[in-house]
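The C-terminal residue of the sequence shown carries number 124 in this note's numbering, and the numbering is unbroken.
Only one structure is covered here, and it is reproduced in the block below.
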Amino acid sequence: MRPEPLPEGSRIGILGGGQLGRMLALAAARLGMRAHVFEPAAEPCAGQVVERVTRAAYDDRAALEAFAASVDVATYEFENVPLAAVDAVAARVPVRPGRRALEVAQDRLAEKEFLRGLGLWVAP
Numbered sequence: 001m002r003p004e005p006l007p008e009g010s011r012i013g014i015l016g017g018g019q020l021g022r023m024l025a026l027a028a029a030r031l032g033m034r035a036h037v038f039e040p041a042a043e044p045c046a047g048q049v050v051e052r053v054t055r056a057a058y059d060d061r062a063a064l065e066a067f068a069a070s071v072d073v074a075t076y077e078f079e080n081v082p083l084a085a086v087d088a089v090a091a092r093v094p095v096r097p098g099r100r101a102l103e104v105a106q107d108r109l110a111e112k113e114f115l116r117g118l119g120l121w122v123a124p
């Protein structure tokens, strides 16, 4: 069963506020959605184009919980977001792609084995 599309006006949480987060927020805005970025850096690139920014460390559990409470769904902009941060947010709202995708992407050897397991050719 496919999940229902997000309605216009939904708030997407983005873990990471760099250039990819910025592009994601701009694309969401074109679809009538709002973005809230969670980013440890003082002046995130995405902060210029989103409705809200939470500036906190990825291990700040209270900040992650407050962030998750303020969004309808969440995603991450790159593979270096700690799994524990994704887990904290996923305890409250759906996170897509899911934890397993991030876990595989964070380990190049695991990524290669995963692709090989799908029958895809990978470089030796």
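By construction, the Cβ of each residue, glycine as well, lies at the ideal position given by its N, Cα and C atoms.
By the criterion of at least three beta-carbon pairs nearer than 8 angstroms, the stretch 20 to 33 is not in contact with the stretch 84 to 104. One alpha carbon belongs to residue 124, the other to residue 109, and they sit about 11 angstroms apart.
In this structure, residue 76 lies near residue 16, with their beta-carbon atoms less than 7 angstroms apart.
Under the three-state reduction of DSSP output, residue 15 falls in the strand class.
If only complete runs of 4 or more residues are kept, the stretch 38 to 82 shows the alpha helix (DSSP H) at 61 to 69, in order along the chain.
Under the three-pair Cβ rule at 8 angstroms, the stretch 76 to 88 does not count as touching the stretch 48 to 55. In the structure shown, residue 91 falls within a coil segment according to DSSP collapsed to helix, strand and coil. For residue 8, the closest of 28, 107, 24 by C-alpha to C-alpha distance is 28. With a beta-carbon spacing of about 20 angstroms, residue 88 and residue 50 fall beyond the 8 angstroms limit used to define contacts. Here DSSP, grouped into helix, strand and coil, assigns residue 2 to coil.
Comparing alpha carbon positions, the residue from 60, 73, 69 closest to residue 3 is 73.
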